[in-house]
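Position one of the sequence shown corresponds to residue 175 (this note's numbering), numbered consecutively onward. Ideal placement from N, C-alpha and C gives every residue a C-beta, glycine not left out.
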Amino acid sequence: MVVFSYYGLETLLKNALGLERDNSLYIKLFTNQIQPHPNMKSDYFVQPVFKGYDKIRLTDWQVDEKVSKASAAEVTWKPKIDGKLDVAIPIYGYFVTNNYNKLLWSERIDQGPFNIVNSANWINITPAFNIS
175 MVVFSYYGLE TLLKNALGLE RDNSLYIKLF TNQIQPHPNM KSDYFVQPVF KGYDKIRLTD
235 WQVDEKVSKA SAAEVTWKPK IDGKLDVAIP IYGYFVTNNY NKLLWSERID QGPFNIVNSA
295 NWINITPAFN IS
């Protein structure tokens, strides 16, 4: 379930009303066993460290005809690991920030964690949230 931070909700509303325009959104992965909640900040999350990992800018947003779901284009992280890691890197979910590293929303992946142990362990995420 996607959880918006209070800052994220305020920013979403300001963007909708044309009061603020920060269209630079970045998705990042997290490795700590944290449960997202609205009072969180981006520094609560621990990002993975592996060659091939970096934040990715979200693009190509779509809103369905019923205006009930918004989604961005799928993003993929492709680890560049020689051989196999001795200890797997667990991925519990993702979080989205703006240019100022302010947390907008986060989601813990229900089926997680996904473990990265070699270059074949790609992570694909389509960021989306329901609007109600």
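Host beta strand (DSSP E) of residue i (start-end)
| i | result |
| --- | --- |
| F303 | A302 to N304 |
| I297 | I297 to I299 |
| K243 | K243 to S245 |
| I290 | F288 to I290 |
| E281 | L277 to R282 |
| G267 | G267 to T271 |
| F224 | It is not in any beta strand (DSSP E) - F224 carries neither H nor E in the DSSP assignment. |
| W251 | V249 to W251 |
| F204 | Y200 to F204 |
| F178 | V176 to F178 |
Sequence-distant residues of its chain with Cβ nearer than 6 Å to residue i (five each side left out)
| i | result |
| --- | --- |
| I230 | I201 and V249 |
| Y181 | K276 |
Whole-angstrom C-beta distance between residue j and residue i, which should lie under 8 Å
| i | j | result |
| --- | --- | --- |
| Y266 | F204 | 6 Å |
| N275 | S198 | Wrong, their Cβ atoms sit about 11 Å apart, outside the cutoff. |
| P301 | S245 | 7 Å |
| W251 | W296 | 7 Å |
| G226 | P264 | No, G226 and P264 are not in contact; Cβ-Cβ is about 17 Å, not under 8 Å. |
| F269 | F219 | 5 Å |
Spatial neighbours of residue i in its chain, beta-carbon cut-off 7 Å, leaving aside the 5 residues before and after
| i | result |
| --- | --- |
| I283 | Y266 and G267 |
| N298 | E248 and T250 |
| G286 | I265, Y266 and G267 |
Neighbourhood of residue i by C-beta, 8 Å cutoff - its chain only, sequence neighbours within 5 removed
| i | result |
| --- | --- |
| L186 | F178 and L278 |
| T271 | L199, Y200, K202, S216, K229, L277 and L278 |
Exercise. Do three or more CB pairs link the region 208 to 216 to the region 230 to 247 at distances below 8 Å?
Worked result: No, because fewer than three Cβ pairs between the region 208 to 216 and the region 230 to 247 fall closer than 8 Å, the two stretches do not touch.
Problem set entry | Three or more C-beta pairs below 8 Å linking the region 257 to 266 and the region 292 to 300 | Below 8 Å, enough C-beta pairs join the region 257 to 266 and the region 292 to 300 to call them touching: three or more.
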